[in-house]
Each structure stands twice: as C-alpha cells, then as structure tokens.
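Comments concern the structure below.
Numbering (UniProt numbering), first residue to last: 1 to 138.
Quick look at the structure:
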C-alpha cells in the first residue's frame, strides 16, 4: 500500500509556540492529525512535524508499504535526502532511522499551495496554544 503523508509546522515568532499538522492519504481516504509542540524555532518545528507524521503513520503502515512524505520545508526534505543537516543532525538521524523500517520511502518537496491541508491543521493546533495563553494571561 502507498501512504501519502503531508506534514507542516506552524510557529509564532522566531522562537515561539509551535504545532504540527499531518494528513495521511491511503486507499482514497484522508486521515488528519494535529498536535501542539513546545517552544522552538520554525526549522526545529518542521523537523518535529516530520517526526510527528511518521509516528502517525506507524500504526497504519507495515515495512512493505511505500511512504511518500510531502513537505513544503526544503530544509527538512533536503536534509533527510542527504542524511545531513549542520544544526539538526540528531533530528535527521532519528527520522532517517524511523524511515529505515520501511522498504520504500520517497521524500518530496512541494510548494506551500499543495500543502494547505497540513498547514491548516498545524495552524489550528497553534491557535489552541495561543488561545490558552491568552486566557491564562487575563
């Protein structure tokens, strides 16, 4: 089976609250996932979103399935493809080790407009953090 996995992160500010969204498409069915992340940079959040996406597909896929990961983050796709990222080596190593469990993995950079579903989910999760923070500060 082929799993198309779209993922994205949303971060408020340079180093702020962050969230991730993922859409998994398999057998003509879409399954959305979203989660809040800790405070981090946008690049760190994009790597965390990749980890989250793989964790979401893990219970669904088996080692013989094909995973096609789609992201609008060039740093994530390029780093995972090359197996190297100067400032994110631990993340690249961890994610690639998780992906090694699958026979076929395809990494694809896509334009933002093709990743709107995952983007919206990440922003929804981020909004819950921002709303909670706003309520706690009043």
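Glycine included, every Cβ here is placed at the ideal spot set by N, Cα and C.
8 Å contact criterion, which residue i and residue j should meet: CB distance rounded
i          : j           : result
residue 16 : residue 122 : At roughly 13 Å, the Cβ-Cβ gap does not stay under 8 Å, so residue 16 and residue 122 are not in contact.
residue 19 : residue 26  : With a Cβ gap of about 23 Å, residue 19 and residue 26 do not count as contacting.
residue 68 : residue 95  : Not really, about 15 Å apart at Cβ, beyond 8 Å.
residue 65 : residue 102 : 6 Å
residue 50 : residue 11  : At roughly 14 Å, the Cβ-Cβ gap does not stay under 8 Å, so residue 50 and residue 11 are not in contact.
Selection from the options that minimises the alpha carbon distance to residue i
i           : options          : result
residue 61  : 125, 128, 127, 4 : 4
residue 111 : 81, 73, 11, 125  : 73
residue 54  : 70, 44, 43       : 70
residue 89  : 119, 76, 118     : 76
residue 28  : 42, 1, 131, 34   : 1
residue 100 : 83, 115, 114     : 83
residue 42  : 13, 97, 114, 130 : 13
residue 57  : 87, 86, 98       : 98
Test item: CB-CB of residue i and residue j under 8 Å
i           : j          : result
residue 128 : residue 36 : yes
residue 47  : residue 91 : yes
CA-to-CA distance, residue j to residue i, given in whole angstroms
i           : j           : result
residue 80  : residue 59  : 22 Å
residue 109 : residue 124 : 23 Å
residue 115 : residue 104 : 22 Å
residue 132 : residue 113 : 29 Å
residue 130 : residue 63  : 38 Å
Contacting residues, own chain, Cβ-Cβ under 6 Å from residue i (five flanking each side not counted)
i          : result
residue 23 : 6, 30, 32, 117, 118
residue 85 : 79, 92
Contacting residues, own chain, Cβ-Cβ under 8 Å from residue i (five flanking each side not counted)
i          : result
residue 39 : 15, 16, 17, 18
residue 34 : 19, 20, 21, 22, 121, 122, 124, 125
residue 87 : 43
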